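The block underneath contains the structure these notes are about, expressed in structure tokens.
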């Protein structure tokens, strides 16, 4: 695992999954590796009431009902569509579900404007076709077809980014549970084995790009993942991801709770400002998601480790925030400058603490970019 830049969940948490499987005596749908209760426990972490002999870490932070509805959907005959704003943890939840159920989260199709039917069905090894003709051996199955053959979970990221032709092909797979291969004279149907399902994700901000047809919507159960607004929950997510980052980079650095509070409050302030804005020009282009908070903190930690005094400072945090969120010039810089003068400056005078240094760092960063 140390040789991988980013290990998939089934490798990263292999020891936990092995242990859960060894003690799991609950009923398992189809070819699932864990029972629904153990899948939930793996994702949300153990509690004292679970009565197990070891602690299981919490990996996804959100409402318990979202995870339970997702698990129930995957045990049914329908696909699962996780929909929400960017950075709400949809892909991470999909990966954890796939890892717990199938021990394979890598059967993924990435939806883009260039995604074709071949990406969700099959293509051909041209050299083998020329040498021996079209056959099952010369066919290259898509990740979705592989999931069908294995009876496991296939994933489709950014479904609304793909064209209507691709979406229509997915309707057939979800309805009929097989893929026809008309180029072959025999053995020309690939049937899905029990346990096959599809987890798709879609950003609510992509509405209008390639809207889902009513026929495709009927094949999915929708689970809407909201933006995390609870400060305590968001702090847990940011802290969890930051600890992972520090371990991966082998960095010994403490994140002062006061600076974490500054980061959380800054994003809360900017979200409130965006909600009150009268037009898009008055909003930051950033979605101000939890994932972007983690990115800001990661940038500040690495900068402090490599170019600072191996410590996280309010100045570095402010510089990272401005650098990460100022994507449009001059609109975003003007919004951030207004925030610093209208909100951070009065707060730094009243509350003190890390805010004066944060204000100074933010001003310097804006001056550099202007």
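Numbering (our numbering), first residue to last: 1 to 370. Here a beta-carbon is modelled for each residue, glycine too, at the ideal position from N, C-alpha and C. None of these values were measured; they are calculated from a predicted model.
Sixteen is the threshold: when 16 or more other Cβ atoms of the shown chains lie within 10 Å of the Cβ of residue 301, as they do, the residue is buried.
Excluding its 5 nearest sequence neighbours in each direction, residue 227 has C-beta neighbours in its own chain below 7 Å: 85, 88 and 289, listed in chain order. In the DSSP secondary-structure assignment, residue 202 is bridged to 83. By the beta-carbon neighbour count (other beta carbons within 10 angstroms, threshold 16), residue 230 is exposed. In the DSSP assignment, no residue is bridged to residue 144. Taking a C-beta distance under 8 Å as the contact criterion, residue 222 and residue 78 do not qualify as a contact pair. For residue 178, the number of other beta carbons within 10 angstroms of its own is below 16, and it is reported as exposed.
Going by C-alpha positions, residue 324 is about 8 Å away from residue 295.
The Cβ atoms of residue 361 and residue 326 lie no closer than 8 Å to each other.
By the beta-carbon neighbour count (other beta carbons within 10 angstroms, threshold 16), residue 189 is exposed. Between the stretch 271-290 and the stretch 352-360 there are fewer than three C-beta pairs closer than 8 Å, too few to call the two in contact. Look at the beta carbons and you see the stretch 31-43 touching the stretch 189-198: at least three pairs across the two are nearer than 8 Å.
In the displayed model, residue 92 falls within a helix according to three-state DSSP. Residue 114 sits in coil when the DSSP states are folded into three classes, being neither helix nor strand. Bridge partners of residue 154 according to DSSP: 198. As a beta-bridge residue in DSSP terms, residue 189 pairs with 180. Residue 121 and residue 6 have their alpha carbons spaced roughly 27 Å apart.
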